[in-house]
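Numbering (the working numbering), first residue to last: 2 to 704.
The block underneath contains the structure these notes are about, expressed in structure tokens.
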């Protein structure tokens with residue numbers, strides 16, 4: 002869902018003030034003695050506590066702009082009542098039982114819970130570590146030999162033997178050349194093998210945690226120890242370390258080459274050098290980008306790109322070098338010389354350089370990244386320890402050992418065909434010096450609080466793994482058990498977050514209600530406005546005077562490099578030449594010599610033109626509106642010579658519904674929402690505890 006809950010809740014402020022006098026007289030409610038007092042209820046079913054109202058009021062009011070008044074409290078109370086009316090309507094319509102709502106809410110809960118599941122002190126340390134590492138960029142090369150985590154010992158030993166040999170060879174000669182030669186012969190990373198293992202510069206939070214650790218813990222020119230990730234076994238060489246360059250904002254012009262390019266590589270180079278000459282002669286880089294760039298993600302904004310860093314292109318050496326071209330520029334406005342990549346010919350102009358942000362500025366972003374990174378495993382381990390400590394975790398080591406011995410003798414487990422029914426029904430174990438006879442399937446391997454996790458559940462998990470076991474069975478089973486314990490502890494904490502964390506409980510309720518209101522608004526207002534074509538047309542007819550065109554010209558503007566070309570273009574127009582044919586003739590020597598625009602334009606459309614004056618000149622002189630299909634030579638206008646063909650003058654007049662459907666639909670949505678609210682106010686009773694309101698105002702010391 003694109004709308005945030007904050008935005009959804011804030012939308013209640015767009016409603017007109019709710020009239021409390023239109024509701025029945027309040028029935029007696031609990032007095033305002035504490036935060037749990039009821040400040041209002043909807044239909045006697047939905048109660049809002051003073052604590053909830055205060056929290057929402059203080060969060061949504063901009064305290065920086067003004068002091069709080071009694072009117073602010075009354076206004077927000079009215080708005081919050083309307084919000085709760087919509088929630089009640091959504092509940093009565095069964096929107097909380099819709100599968101789409103349940104899926105969406107589950108997704109939000111999962112995202113929100115990450116901030117509350119893990120040990121914050123551990124997370125804070127990891128955030129600080131990540132920020133400290135972000136101060137540096139590390140240039141690395143690596144060698145990878147792939148190996149699955151569950152590979153059989155023989156294969157693991159064979160790979161480790163080869164990696165040990167490579168390590169010794171690199172200790173004898175740690176040079177970049179020797180490393181590159183070994184990467185070419187042995188590495189199984191297809192992305193970097195052909196480049197001698199080179200990945201270029203990286204920084205924190207861009208690669209798996211084990212790889213990042215090795216990069217930052219190895220000195221420049223040094224070779225790391227052999228280390229393992231989910232991809233296999235690695236050795237890396239640190240080629241360089243430097244301070245983080247930060248981010249750079251630049252403008253970009255690209256003339257494409259290669260497949261589907263409009264011109265040959267030679268023509269592209271000629272064109273980029275012509276552009277470079279014009280920019281150096283004082284022409285606007287942004288205007289050149291709008292006219293000629295083939296980087297369509299930045300062309301229409303004058304070549305302006307989002308801020309970029311070198312390290313965002315880890316593993317793509319060519320693009321790192323491309324980014325470094327921008328960082329090499331010294332002053333804002335400086336331009337690179339034309340340079341070529343696989344994409345085509347480029348120019349970059351420096352806008353600004355931005356150093357790495359402060360820790361406080363990055364803290365929220367870093368927290369989100371850490372929680373999604375492998376570092377989160379450290380936080381999970383801390384959480385598991387806390388659940389074990391706080392929630393009466395008990396396990397039976399004797400039962401687990403006995404179960405492991407049984408499973409070691411079961412060949413079906415090794416083959417990936419384990420059947421739990423093959424386990425014995427009863428089992429005798431020795432625990433605390435006493436023998437116990439157990440019904441095996443019902444026996445608890447561990448407990449969290451009063452919840453038992455049984456052998457039957459664990460056996461089901463093992464049976465679900467339909468793959469052969471390559472390593473020792475006892476190691477496999479114990480690792481599976483530990484993973485299950487960890488998963489169970491996290492799940493237990495997650496399931497009890499509402500009771501363990503008031504903050505989580507409050508925010509989750511906001512999510513729940515925000516999504517409900519959004520879905521009901523979608524049905525009652527937004528979708529209805531789109532589907533009710535008769536109602537939309539009726540609304541438009543009632544307000545047609547509000548939707549008008551200004552005077553417009555239907556015209557074509559031709560921008561020529563000199564007077565001679567202007568005269569030729571005017572003659573070609575008179576002969577009926579197509580605009581594209583005229584362009585092709587006049588760009589044979591230079592792509593920059595000629596361009597055109599055509600369409601229906603108001604005076605306010607000057608932003609569509611590289612030079613605003615031609616459109617202004619046409620609107621300033623009434624002669625242009627007297628004849629259709631008339632051709633005029635405007636002469637020199639700025640850097641161009643301009644020809645205009647006026648197809649027609651379109652005087653100010655009403656727009657059709659199709660020409661202004663978007664703005665009309667937006668206004669019609671407001672009408673539908675007002676009707677919906679009026680209906681809710683007539684169907685539901687709202688009982689306000691005036692004593693609680695007075696007590697709240699007194700607490701805030703407002704009048």
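Built from N, CA and C at the ideal position, the CB exists for glycine as well.
If you're wondering where the values come from, they're calculated on a predicted model, not measured in any experiment.
According to DSSP, is residue 188 part of a helix, a strand, or is it coil?
coil
So, under 8 Å CB-CB, residue 200 and residue 142 are touching, yes? Tell me the CB distance rounded to an integer number of Å.
6 Å
Residue 197 - DSSP class collapsed to helix/strand/coil
coil
When you compare only the Cα positions, how much space is there between residue 53 and residue 503?
12 Å
In three-state terms, what does DSSP make of residue 148?
coil
If contacts are defined as beta-carbon pairs under 8 Å, then residue 457 and residue 439 qualify, I think. What distance do you get, rounded to the angstrom?
Incorrect: roughly 12 Å between the Cβ atoms, too far for contact.
Could you check the C-alpha separation between residue 267 and residue 323 for me, to the nearest Å?
20 Å
Short of 6 Å in beta carbon distance, which residues of its chain neighbour residue 27, apart from the five on each side in sequence? Order them along the chain.
At residue 27 the pLDDT is 37, less than 50, meaning the model places this residue with poor confidence and gives no usable figure here.
What residue from 596, 647, 389 and 477 has the CA that sits closest to residue 618's CA?
647
Leaving out the 5 sequence neighbours to the left and right, which residues in its chain are closer than 7 Å to residue 575 when beta-carbon positions are compared?
Here the set comprises 632.
Can you tell me the Cα-Cα spacing of residue 283 and residue 203, whole angstroms?
37 Å
Would residue 1 and residue 85 qualify as a contact pair, given that the criterion is a beta-carbon distance under 7 Å?
Any question about residue 1 goes unanswered here, given that the chain covers just 2 to 704.
Please report the Cβ distance between residue 69 and residue 665, rounded to the nearest whole angstrom; I am assuming they are in contact, meaning their Cβ atoms lie under 8 Å.
In fact, because the Cβ distance is near 38 Å, the residues do not count as touching under 8 Å.
Leaving out five residues before and five after residue 492 in sequence, what residues of the same chain have Cβ atoms less than 7 Å from its Cβ?
none
Separation of residue 197 from residue 180, as counted between CA atoms
Taking the straight line from one Cα to the other gives about 7 Å.
Could you check if residue 293 is buried or exposed, using at least 16 other CB atoms within 10 Å of its CB as the buried criterion?
buried
Alpha carbon of residue 552 to alpha carbon of residue 546, nearest angstrom:
15 Å
Are the Cβ atoms of residue 224 and residue 348 separated by less than 7 Å?
no
So, under 8 Å CB-CB, residue 446 and residue 396 are touching, yes? Tell me the CB distance rounded to an integer number of Å.
6 Å
Considering only the alpha carbon of each residue, which of 303, 460 and 526 lies closest to residue 668?
The residue among 303, 460 and 526 with its C-alpha nearest the C-alpha of residue 668 is 526.
Go ahead and pull the three-state DSSP assignment for residue 548.
Residue state, collapsed to three classes: coil.
The segment 348-357 contacting the segment 105-117, beta-carbon criterion three pairs below 8 Å
no
Residue 275: buried (16+ other C-beta within 10 angstroms of its C-beta) or exposed?
buried
Terminal residues of the beta strand (DSSP E) in which residue 347 lies
345-355
Contacts around residue 698, its chain only, beta-carbon distance under 7 Å, and the 5 residues preceding and following it disregarded:
71 and 74
What does the alpha-carbon distance come out to for the pair residue 678 and residue 61?
C-alpha separation (whole angstroms): 21 Å.
Quick check on the DSSP output: what are the complete beta strand (DSSP E) runs of length 3 or more inside the segment 608-652, in order along the chain?
631-638 and 641-651
Report, in whole angstroms, the separation of the C-beta atoms of residue 587 and residue 599, which I expect to be a contact under 8 Å.
By a beta-carbon distance limit of 8 Å, residue 587 does not contact residue 599. Their separation comes to about 16 Å.
C-beta atoms of residue 295 and residue 256 nearer than 7 Å:
yes
Who are the Cβ neighbours of residue 102 in its own chain at under 8 Å, not counting the five residues just before and after it?
For residue 102, where only same-chain residues beyond five positions count, the Cβ hits under 8 Å are 96, 516, 517 and 520.
Would you kindly work out how many angstroms separate the C-alpha atoms of residue 486 and residue 44, rounded to a whole number?
46 Å
Excluding the 5 residues preceding and the 5 following residue 41 in the sequence, name in chain order all residues of the same chain whose CB lies nearer than 7 Å to its CB.
49, 82, 687, 688, 689 and 690
Do residue 641 and residue 560 have their C-beta atoms closer together than 7 Å?
Yes. Within cutoff.
With distance defined between alpha-carbon atoms, name the residue in 138, 471, 469 and 462 nearest to residue 488.
462
Burial state of residue 693, where buried means 16 or more other Cβ atoms lie within 10 Å
buried
Only counting the same chain, and skipping five residues up and downstream in sequence, which positions put a Cβ closer than 8 Å to that of residue 247?
Excluding positions up to five away in sequence, the list reads 310, 354, 355, 356 and 357.
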